[in-house]
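What follows is a set of notes on a single structure, which appears directly below.
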Amino acid sequence: MEQLTPKKFRLRSFRLRGERMTKAQSEALLNHWNRFEVPLEGVIDPPSLFYGIKPEKVIFEIGSGMGETTAKIAVANPTNGYVAVEVHKPGIGALIIHAESLGIRNLKIINEDIIDVLHDHIADSSIDGFHIFFPDPWPKRAQHKRRLLQPAFIELLAQKMKSGAEISIATDWLPYAKEIEKNFSSNNSVIGGVIERPSWRPITKFEGKGISKEHVVTDLHYMRR
């Protein structure tokens, strides 16, 4: 099995876009970041992150984008705890705005590369689930090696999941969906495949625009053995 390399040697699975934020996003970070931040000091105990709440499950949202989906899922499932892992500060600011407007208290945020978070700060067999919605498909052939859902990363996810934990994925890039399915099928620690869109997954503005252009969205679901 291919091993994930240290940060300084590996290709990033995300684009390093500009960090230009709106005034509202900047103010949200300035005024509320302390309440949502997960300090990365040693190994994290996921359930203990949520002060005053004992979550039934802790779900990691990998790449929460502008926060629309994460906020809607968190508010609809108050007995679960959600940890959004996002590298772009404008998206974090937008998520905090959503969370504050909806009064969400079962949400925490990590501003770091998910690979480093899992490798350095998450114990094995400790996570109840992952959501990975619309990861960058890196469509050009030369970019495929940057795709997040490679065999080594799938193995890392499986390593951190409890038995029975679930992974929910959505992509609007069919070739990537086929690659994801192939990569998961080669891992004996998980079972699953393509499913119909789950009713609990909100349709975001981004997804709605794609649907209007006749983009096909593929949902996939896997469970840890």
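The numbering of the sequence shown is the numbering used here, which starts it at 64 and goes up by one. Heads up, the beta-carbon is just placed ideally off N, CA and C, and yes, glycines get one too.
At a Cβ threshold of 8 Å, is residue i touching chain B?
i	result
ARG260	No chain B appears in this structure, which consists of one protein chain only.
Output the boundary residues of the alpha helix (DSSP H) element that contains residue i.
i	result
ALA221	214-223
GLU124	Taken as a continuous stretch (DSSP letters only), GLU124 belongs to no alpha helix (DSSP H), being part of the beta strand (DSSP E) at 121-125.
ALA240	237-248
ARG98	86-99
ASP187	It is not in any alpha helix (DSSP H) - ASP187 carries neither H nor E in the DSSP assignment.
GLY255	No alpha helix (DSSP H) contains GLY255, which is instead part of the beta strand (DSSP E) from 253-258.
VAL146	Taken as a continuous stretch (DSSP letters only), VAL146 belongs to no alpha helix (DSSP H), being part of the beta strand (DSSP E) at 144-148.
LEU165	152-165
ALA139	131-139
PHE269	268-275
If distances are taken between C-alpha atoms only, which option among the options comes closest to residue i?
i	options	result
ILE190	ILE230, ILE172, TYR114, TRP96	ILE230
LYS120	SER249, GLY255, ASP176, GLY192	GLY192
LEU220	MET286, GLY144, SER127	MET286
GLU149	SER111, HIS161, GLY128, ALA157	GLY128
LEU170	GLU104, PHE247, SER248, HIS95	HIS95
ASN174	LYS203, TRP201, LEU165, LYS152	LYS152
GLU242	LEU103, GLY130, GLU82, ARG209	ARG209
ARG363	ARG204, LEU211, PRO200, ALA134	Absent from the structure is residue 363, since the part of the chain shown begins at 64 and ends at 288.
ILE116	LYS203, LYS86, ASN143, SER226	ASN143
LEU181	GLY154, ARG204, ALA147	ALA147
Contact check, residue i vs residue j under 8 Å by CB: the rounded distance?
i	j	result
ILE172	VAL101	7 Å
ASP187	LYS223	6 Å
ILE122	HIS194	6 Å
VAL138	ILE177	Not quite, the Cβ-Cβ distance comes to about 23 Å (not below 8 Å), so this is no contact.
GLU270	ASP235	7 Å
ILE217	PHE196	Incorrect: roughly 16 Å between the Cβ atoms, too far for contact.
GLY126	PRO198	6 Å
What number of angstroms, rounded off, separates the C-alpha of residue i from the C-alpha of residue j?
i	j	result
LYS268	LEU283	20 Å
PRO238	ALA215	19 Å
ASP179	SER275	36 Å
TYR145	PRO109	9 Å
ILE136	GLU124	10 Å
ARG98	TYR114	10 Å
ILE107	ASP183	9 Å
LEU112	PRO141	15 Å
PHE72	ILE254	Below a pLDDT of 50, predicted positions are generally treated as unreliable, and PHE72, at 40, falls in that range; the measurement from the model is reported next regardless. Those two C-alpha atoms are separated by around 31 Å.
ILE185	ALA228	15 Å
VAL279	ILE232	14 Å
HIS18	GLN88	With the chain running from 64 to 288 in the structure shown, residue 18 is simply not present.
MET84	GLY156	8 Å
ILE266	PRO118	25 Å
ARG288	GLU90	43 Å
GLU104	GLU277	45 Å
TRP201	LEU165	33 Å
GLY154	GLY130	6 Å
Along the beta strand (DSSP E) that carries residue i, what are the first and last residues, could you check?
i	result
THR281	281-287
LYS18	Lying outside 64 to 288, the shown extent of the chain, residue 18 is not represented and no answer is given.
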